Amino acid sequence: MAINDKEFFHIASKRICGNLDAKNMLSDIRKYLENFMPAQTLDLNTYDPENRTLSNIASASFYSETPSYYPVKLSKEAALFVEKGHYGPVVSMINRSEMQPVAKQFELKAKQSPLCFLLLHLKVAGKRFGELVISAQGRDLFCKEHVHLLELLHDPFAIAIANILKHQEVLRLQKKLSDDYRYLASELRQISGTEIIGEEYGLKPIMERVRQVAPLNSHVLLLGETGVGKEVIANAIHYSSLRHSGPFIKVNCGALPENLVDSELFGHEKGAYTGAGTAHRGRFERAHGGTIFLDEIGDLPLSAQTRLLRVMQDKTIERVGGRDPIKVDIRIISATHRDLQQMVLEKSFREDLWFRLNVFPITIPPLRHRKADIPDLVKHFVQKKCQEMRIPVHPTISSIQIKKLIEHDWPGNVRELENSVERALIDALAGTPDGGLIFDGIVRPHRQSHPLCPSLEQDVLTLDEVMWNHIENVLLLCNNRINGPNGAACRLGVNPSTLRHRMRKLGITFGKRREVTIN
């Protein structure tokens with residue numbers, strides 16, 4: 071085919087630089103080159119001097135099935151030839167393989183005789199990083215005109231192959247990062263705590279609401295006192311949802327400095343303010359495709375509340391100093407121990423934001439209202455803390471100590487219980503006589519007698535709560551026995567089956583679940 075150098079270079083360069091897949095690119099350019107030279111097979115090779123090995127990145131051939139000869143372990147003579155750079159010019163023409171040690175060894179490996187080669191030595195910024203090998207079966211098939219045409223294509227091939235190698239490295243790192251993300255997400259899930267203690271008793275109605283809302287995309291508001299485990303419930307919602315494979319970003323709104331709230335949540339552009347040397351992705355951008363957990367939402371400043379409202383309305387954010395809106399696909403789980411309705415009345419929380427957050431509220435009961443879960447919680451924390459503190463033998467807890475824990479009102483809730491277990495373990499390490507845990511630091515608060523006519527502002531127990539407390543006290547008095555003349559049913563004046571039915575309804579454990587010794 072008659073063609074001038076400029077047209078040849080233009081058409082070939084488009085084929086070389088038009089694909090980031092090395093095999094497809096070689097296949098495309100081979101079909102074009104065979105119009106000008108005997109380009110039966112194209113190989114893109116790299117050399118590893120440490121192992122004296124030629125490795126293949128990609129190949130293309132006119133044969134329907136080409137056997138793979140790579141990697142090729144070079145002889146000492148061939149390796150020395152490569153390492154000392156005896157190739158000479160940009161293109162090497164080898165019409166007789168016995169004249170060059172690398173070509174001779176490859177011909178023996180391929181078991182195809184005879185073979186002749188054109189080698190394009192690829193360099194970028196003076197550094198050699200590979201060879202493009204054009205081979206054909208026969209002798210004396212290549213000429214100076216073929217060498218000239220291939221020399222024209224050195225720069226397009228070098229740039230394209232360098233980009234392909236970098237693209238492959240990016241894909242490799244992306245796969246590695248994806249694997250690392252899945253592993254770290256699993257580790258963080260374990261660290262943050264996803265096991266729900268009490269889901270069959272004290273938290274049973276809460277878990278029913280979690281299972282109800284988790285598969286949806288609705289926003290959830292978690293309410294409850296400090297330390298009741300709102301983050302654990304948020305974890306359960308996310309990891310039970312269709313977004314479980316996406317990011318789960320946690321933000322403590324109360325811990326964000328007021329002057330950095332917008333930057334942390336929504337990100338900023340380079341130069342947005344003094345010290346913003348680079349662009350920064352905010353928490354909402356990082357949560358795209360997943361869930362964001364806004365803990366202590368009541369501590370969010372009014373300015374940030376306004377921007378959060380736009381996120382919920384338009385599903386877009388704007389970085390500080392930016393102009394272009396950024397689409398985000400997120401689910402918001404918020405949590406607070408504060409009375410947001412009262413804050414709305416006080417004008418410290420936006421009413422329209424309150425309505426949007428309060429789509430599906432879940433109120434988590436305090437520990438004093440789910441004391442049946444205390445034995446299981448203690449067992450869980452003993453196992454967890456023993457693992458963290460590397461205590462090989464788990465200490466026991468007597469029924470007296472469990473009773474002491476149940477009688478405590480737990481103003482700090484589950485977090486206070488966890489700290490109490492850790493403190494008892496530290497004391498046990500110092501040397502308790504029987505090796506058991508002792509909770510001497512737990513003091514039952516003094517209960518003031520309730521007036522005959524309580525005011526509306528006082529915390530009045532519900533009838534179920536009164537019954538729960540009374541049955542628990544009688545069970546402790548009867549050593550957890552239900553049947554018999556000294557059992558709780560007899561003391562309460564009811565049939566044992568009636569008492570068990572009532573206990574199930576109130577979430578009070580009985581039978582083997584009331585065993586209090588923890589191994």
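According to this note's numbering, the sequence shown is numbered sequentially starting from 71. No residue lacks a Cβ here, since even glycine has one placed at the ideal position from N, Cα and C. Remember, it's a predicted structure, so these values are computed and weren't measured experimentally.
key: Cα-Cα separation between Y102 and L202, rounded to whole angstroms   = Position 32 of the sequence shown holds residue 102. Position 132 of the sequence shown holds residue 202. Rounded to whole angstroms, the gap between the alpha carbons of Y102 and L202 is 15 Å.
message = Checking 8 Å against the spacing of the C-beta atoms, do V398 and T406 come in under that value?
response = Residue mapping note: residue 398 aligns to position 328 of the sequence shown, counting from 1. Residue mapping note: residue 406 aligns to position 336 of the sequence shown, counting from 1. Against a cut-off of 8 Å, the Cβ pair of T406 and V398 comes out as no contact.
task = Give me the Cα-Cα distance between S145 and M95, rounded to the nearest whole angstrom.
result = Mapped onto the sequence shown, residue 145 falls at position 75. Mapped onto the sequence shown, residue 95 falls at position 25. So the two alpha carbons sit approximately 31 Å from each other.
Check whether Q375 and R420 have beta carbons under 8 Å apart = Within the sequence shown, numbered from 1, the residue matching residue 375 stands at position 305. Within the sequence shown, numbered from 1, the residue matching residue 420 stands at position 350. Between Q375 and R420, the gap from beta carbon to beta carbon is short of 8 Å.
query = Do the segment 429 to 437 and the segment 479 to 492 touch if we need at least three Cβ pairs shorter than 8 Å?
reply = When Cβ pairs closer than 8 Å are counted between the two stretches, the segment 429 to 437 is seen to touch the segment 479 to 492, the count reaching three or more.
query = According to the Cβ coordinates, are F199 and A232 closer than 8 Å?
reply = The count along the sequence shown starts at 1 and reaches residue 199 at position 129. The count along the sequence shown starts at 1 and reaches residue 232 at position 162. Yes, Cβ-Cβ distance for F199 and A232 is below 8 Å.
message = With a threshold of 8 Å, are at least 3 pairs of Cβ atoms found where one atom belongs to the segment 304 to 314 and the other to the segment 275 to 285?
response = Look at the beta carbons and you see the segment 304 to 314 touching the segment 275 to 285: at least three pairs across the two are nearer than 8 Å.
key: Cα-Cα separation between G577 and L547, rounded to whole angstroms   = On the sequence shown, position 507 is the one that residue 577 refers to. On the sequence shown, position 477 is the one that residue 547 refers to. Straight across, the Cα-Cα distance linking G577 with L547 is about 19 Å.
request  = List the endpoints of the continuous alpha helix (DSSP H) containing N94.
outcome  = Along the sequence shown, read from residue 1 onward, the residue named residue 94 stands at position 24. N94: member of the alpha helix (DSSP H) spanning A92 to L103, first to last residue.
task = Could you tell me the boundaries of the beta strand (DSSP E) in which C456 lies?
result = Looking up residue 456 in the sequence shown gives position 386. It is not in any beta strand (DSSP E) - C456 instead sits in the alpha helix (DSSP H) that spans I444 to E458.
request  = Specify the secondary structure class of L526 as computed by DSSP and reduced to three states.
outcome  = Start at 1 with the first residue of the sequence shown, and residue 526 comes out as number 456. With a pLDDT of only 43 at L526, under 50, the local geometry of the prediction cannot be trusted, and the value read off the model is given with reservation. L526: coil per DSSP, three-state reduction.
task = Can you tell me which of H571, E488, L243 and T466 puts its alpha carbon nearest to the alpha carbon of I508?
result = As a first step, residue 508 is located in the sequence shown; it is residue number 438 there, counting from the start. By alpha-carbon distance to I508, the top candidate from H571, E488, L243 and T466 is T466.
request  = Indicate whether R100 and L112 have their beta-carbon atoms separated by less than 8 Å.
outcome  = As a position in the sequence shown, residue 100 is number 30, starting the count at 1. As a position in the sequence shown, residue 112 is number 42, starting the count at 1. Closer than 8 Å, so yes.
request  = Please name the residue, chosen from L423, R166 and G341, that lies closest to V390 on a Cα-to-Cα basis.
outcome  = Within the sequence shown, residue 390 is the residue found at index 320, counting from 1. Closest option to V390, judged by alpha-carbon separation, among L423, R166 and G341: G341.
inquiry  = Considering just the uninterrupted stretch of the beta strand (DSSP E) at H191, what are its terminal residues?
reply    = Walking along the sequence shown from the start, residue 191 turns up at place 121. Segment L185 to V194, the beta strand (DSSP E) holding H191.
inquiry  = Within a Cβ cutoff of 6 Å, which residues of the same chain sit near G581, ignoring the five residues on either side of it in sequence?
reply    = Sequence index remark: in the sequence shown, residue 581 carries index 511 (1-based). Correct list: empty, nothing qualifies.
query = Using DSSP with H/G/I as helix, E/B as strand and the rest coil, what is P119?
reply = Sequence index remark: in the sequence shown, residue 119 carries index 49 (1-based). P119 carries a coil assignment under DSSP once its states are collapsed to helix, strand and coil.
A195 to L189 span [Cα, whole Å] = Position 125 of the sequence shown holds residue 195. Position 119 of the sequence shown holds residue 189. When rounded, the distance between both Cα atoms is 19 Å.
ask   = So H19 and V429 are in contact, right, with Cβ under 8 Å, and what is the actual spacing, rounded?
value = The chain is shown only over 71 to 589; residue 19 falls outside these bounds and no answer can be derived.
request  = Please check the pair D369 and G324, which I expect to be a contact at CB under 8 Å, by giving their CB distance rounded to whole angstroms.
outcome  = Taking the sequence shown and counting its residues from 1, the one referred to as residue 369 is at position 299. Taking the sequence shown and counting its residues from 1, the one referred to as residue 324 is at position 254. D369 to G324, Cβ: 4 Å. Contact.
task = Tell me the start and end of each unbroken beta strand (DSSP E) in the segment 374 to 427 that is at least 3 residues and wholly inside, in chain order.
result = Entirely contained in the segment 374 to 427, the beta strand (DSSP E) runs reaching 3 residues are, in chain order, 401 to 406.
message = Within 10 Å of its beta-carbon, does E295 have 16 or more other beta-carbons around it, so buried, or fewer, so exposed?
response = By 1-based counting over the sequence shown, the position of residue 295 is 225. Counting Cβ neighbours within 10 Å, E295 comes out buried, since at least 16 surround it.
key: Continuous alpha helix (DSSP H) assignments of at least 4 residues falling wholly in the segment 344 to 377   = Here the runs fully enclosed are 353 to 356.
request  = Please list, in chain order, all residues of the same chain as N489 whose beta carbon is under 8 Å from its beta carbon, the five residues on each side excluded.
outcome  = On the sequence shown, residue 489 is found 419 positions in, with the first residue counted as 1. If the five residues before and after N489 are omitted, its C-beta is found closer than 8 Å to the C-beta atoms of G482, all from its own chain and listed in chain order.
task = Return helix, strand or coil for F132, following the three-state DSSP convention.
result = Within the sequence shown, numbered from 1, the residue matching residue 132 stands at position 62. Collapsing the DSSP output to three states places F132 in coil.
Enclosing beta strand (DSSP E) for Q207 [first to last residue] = Here residue 207 refers to the residue found at position 137 of the sequence shown. Per DSSP, Q207 belongs to the beta strand (DSSP E) from K197 to Q207.
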